[in-house]
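Take a look at the structure below.
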Amino acid sequence: MGHFETQAIHAGYEPSEHGYAAVPPIYLSAAFDLANPARGDALSAGTADGFAYSRVANPTVSLFEQRIAALEGGSSAVAFASGMGAVSSALLCVAEGGGHIIAPKNLYGASMDALETFFPQFGITTSFVDDINDLAHIGALITPNTRAIFAESVANPSTHVTDVASLAQFAHAHGIPVIIDNTLATPYLYQPIHWGADIVVHSTTKGISGHGNALGGIVVDAGNFDWSSTRFAHLNQTELVVSDEYADEWHSFVSRYGKDAFIARVRIKYLRTFGAVPSPFSSYLQSVGVETLAVRVREQVRTATAIAQYLQTNPHVRNVYYSGLALHSQGKGEQARIVRTQYSRGIGQVLSFEIQGTREQAVRIIEHTQLFAYAPNIGDARSLIVDPARITHREVSAEFRKATGVTDTLLRLSVGLEDVNDLIADLDQAIRAAFDEV
Ligand SMILES: *Cc1c(COP(=O)(O)O)cnc(C)c1O
Numbered sequence: 074m075g076h077f078e079t080q081a082i083h084a085g086y087e088p089s090e091h092g093y094a095a096v097p098p099i100y101l102s103a104a105f106d107l108a109n110p111a112r113g114d115a116l117s118a119g120t121a122d123g124f125a126y127s128r129v130a131n132p133t134v135s136l137f138e139q140r141i142a143a144l145e146g147g148s149s150a151v152a153f154a155s156g157m158g159a160v161s162s163a164l165l166c167v168a169e170g171g172g173h174i175i176a177p178k179n180l181y182g183a184s185m186d187a188l189e190t191f192f193p194q195f196g197i198t199t200s201f202v203d204d205i206n207d208l209a210h211i212g213a214l215i216t217p218n219t220r221a222i223f224a225e226s227v228a229n230p231s232t233h234v235t236d237v238a239s240l241a242q243f244a245h246a247h248g249i250p251v252i253i254d255n256t257l258a259t260p261y262l263y264q265p266i267h268w269g270a271d272i273v274v275h276s277t278t279k280g281i282s283g284h285g286n287a288l289g290g291i292v293v294d295a296g297n298f299d300w301s302s303t304r305f306a307h308l309n310q311t312e313l314v315v316s317d318e319y320a321d322e323w324h325s326f327v328s329r330y331g332k333d334a335f336i337a338r339v340r341i342k343y344l345r346t347f348g349a350v351p352s353p354f355s356s357y358l359q360s361v362g363v364e365t366l367a368v369r370v371r372e373q374v375r376t377a378t379a380i381a382q383y384l385q386t387n388p389h390v391r392n393v394y395y396s397g398l399a400l401h402s403q404g405k406g407e408q409a410r411i412v413r414t415q416y417s418r419g420i421g422q423v424l425s426f427e428i429q430g431t432r433e434q435a436v437r438i439i440e441h442t443q444l445f446a447y448a449p450n451i452g453d454a455r456s457l458i459v460d461p462a463r464i465t466h467r468e469v470s471a472e473f474r475k476a477t478g479v480t481d482t483l484l485r486l487s488v489g490l491e492d493v494n495d496l497i498a499d500l501d502q503a504i505r506a507a508f509d510e511v
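Each step along the sequence shown adds one to the number in our numbering, with nothing skipped, and position 198 is 271.
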């Protein structure tokens, strides 16, 4: 169906099925007419295609799901009301009933809090590694109970990149799936499934939406992983919800859905039971937002690179964290190699920098920026600034903040679509003001 830019506009939508509306309509209907008892019975048994009730599936949401699945190179997807709805559902679905997960310490704050302190309450434990590319360390942590390795393709705010190709090959040799949060990279810059990941999750609130105007999340399944092993007993036990008692046909998720067992359970158990369903209006905004993803992100990567290069020359900046700079330098080392081989389009619009100064001076930079909005979000058309240690990573323990470089003098930027010279001038005057140079 064409290249990325073409799919971003056309995937999942057939105008003739929607009164020939050129732009996809918004279906706010909670329920759908079942037409007749035979069709109602078939829809409820899952043997006919169609919509019955919007907590399980809705045409506007379905378009968005199909579009993102296409852009990620996956076989199917389930959208949620927020990124955390998607992250939590994917992790619980893989590890429910006492499973074990392996993850790095540099996860998004709420994901970190979930795995470190909350999911243990549900019997799910996590082992954390300092570096997700340290396969020897990961190998030593694998147990018969390990259900997944979870990481972010590009971590926030360090922009540390994951070598998904090596990680997936290693995990698959142990019969374990890899789940990648691809929020920062977006599918335009990086497609984890292409490099071997089994499941991709997103906060679609960020780059995919692109305008900071709708919360959302999504789980995308590559459709490749074999869930029939005893490691995934919950997907292999007979359940009424996927069976047909009237016809006396009994199924497990695996016997009914095969390689789609995981994504089927995400929808039938997690979306339907916990009900973190996206509003059709939000899915509509995100379907429109993703139409311009490629052009937005291309421009933002260019601007973010120029800002990172400017910051490297500023005497008050101690460190700049933007792994994408490896595409513009001779830089050596593991991270530079991964960026050049797997992230050749860039790593995204988020970068961070540590000042050579005090927390008070970092605060003054935030106070003096005029174009950068002080907001805990990323991927917006407008540029944003935040102090992660106090805001976005507040729920992360001091130990883990230290391990991942989230210090009191670190500032994170999400680069928007304003003019690059205006943004650099704004940062420059704010840094000078913070250091009493005006
Ligand atoms: C924002 C974010 C989330 C959570 O998404 P919400 O839409 O805010 O629930 C998860 N992972 C990453 C990497 C994020 O940036």
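Where is the CB? At the ideal position from N, CA and C, for every residue including glycine.
- With distances taken between CA atoms, residue 385 lies nearest to 429 out of 429, 363, 413 and 355.
- Between residue 373 and residue 234, the C-beta gap is not smaller than 8 Å, which leaves the two residues out of contact.
- Per DSSP, the continuous beta strand (DSSP E) segment holding residue 200 begins and ends at 198 to 202.
- Look at residue 396: its beta carbon is at least 7 Å from all of the heavy atoms in ligand 1.
- Within the same chain, Cβ atoms closer than 8 Å to the Cβ of residue 327 are found at 300, 301, 305, 308, 309 and 334, the five residues on either side in sequence being excluded.
- DSSP, read as helix, strand or coil, puts residue 113 in helix.
- DSSP, read as helix, strand or coil, puts residue 319 in coil.
- If you draw a 10 Å sphere on the C-beta of residue 465, you find 16 or more other C-beta atoms in it, and that means buried.
- Under DSSP, no beta-bridge partner is assigned to residue 100.
- For residue 155, the shortest C-beta to heavy atom distance toward ligand 1 is below 7 Å.
- Apart from the 5 residues on each side of it in sequence, residue 434 sits with its Cβ closer than 7 Å to the Cβ of 428, 507 and 508 in its chain, given in chain order.
- Counting only the Cα atoms, residue 253 lies some 22 Å from residue 134.
- The residue among 278, 168, 329 and 227 with its C-alpha nearest the C-alpha of residue 395 is 227.
- For residue 401, there is no enclosing alpha helix (DSSP H), since its DSSP letter is neither H nor E.
- Residue 333 carries a helical assignment under DSSP once its states are collapsed to helix, strand and coil.
- Of the candidates 353, 472 and 455, 353 places its Cα closest to the Cα of residue 126.
- By the C-beta density criterion, residue 344 is buried, having at least 16 other C-beta atoms within 10 angstroms.
- DSSP places residue 390 in the uninterrupted beta strand (DSSP E) bounded by 390 to 394.
- Between ligand 1 and residue 164, a heavy atom-to-CB distance of less than 7 Å is absent.
- Residue environment analysis places residue 199 among the buried positions, since at least 16 neighbouring C-beta atoms fall within 10 angstroms of its C-beta.
- For residue 138, the enclosing alpha helix (DSSP H) stretches over residues 132 to 145.
- Between the alpha carbons of residue 339 and residue 197 lies a gap of roughly 17 Å.
- In this structure, residue 445 sits away from residue 393, with a CB-CB distance that is not shorter than 8 Å.
- Only buried fits residue 422, as 16 or more other CB atoms lie within 10 angstroms of its CB.
- For residue 224, the enclosing beta strand (DSSP E) starts and ends at 219 to 225.
- DSSP links residue 153 through a beta bridge to 290.
- Straight-line spacing of the CA atoms in residue 331 and residue 297 works out to 10 Å.
- Using a C-beta cut-off of 8 Å, the region 184 to 196 makes no contact with the region 210 to 219, since fewer than three inter-stretch Cβ pairs fall below that distance.
- In chain order, 149, 150 and 293 place their CB closer than 6 Å to the CB of residue 142, counting only its own chain and leaving out the 5 sequence neighbours on each side.
- Residue pairing from DSSP places residue 424 in a beta bridge opposite 486.
- Between residue 182 and residue 469, the gap from beta carbon to beta carbon is short of 8 Å.
- With a minimum length of 4 residues, the unbroken runs of alpha helix (DSSP H) contained wholly in the region 205 to 270 fall at 208 to 214, 237 to 246 and 259 to 262.
- The residue among 442, 255, 498 and 246 with its C-alpha nearest the C-alpha of residue 379 is 498.
- The three-state secondary structure of residue 500, taken from DSSP, is helix.
- Per DSSP, residue 383 has no beta-bridge partner at all.
- Residue 205 sits close to residue 224, with the two beta carbons spaced by under 8 Å.
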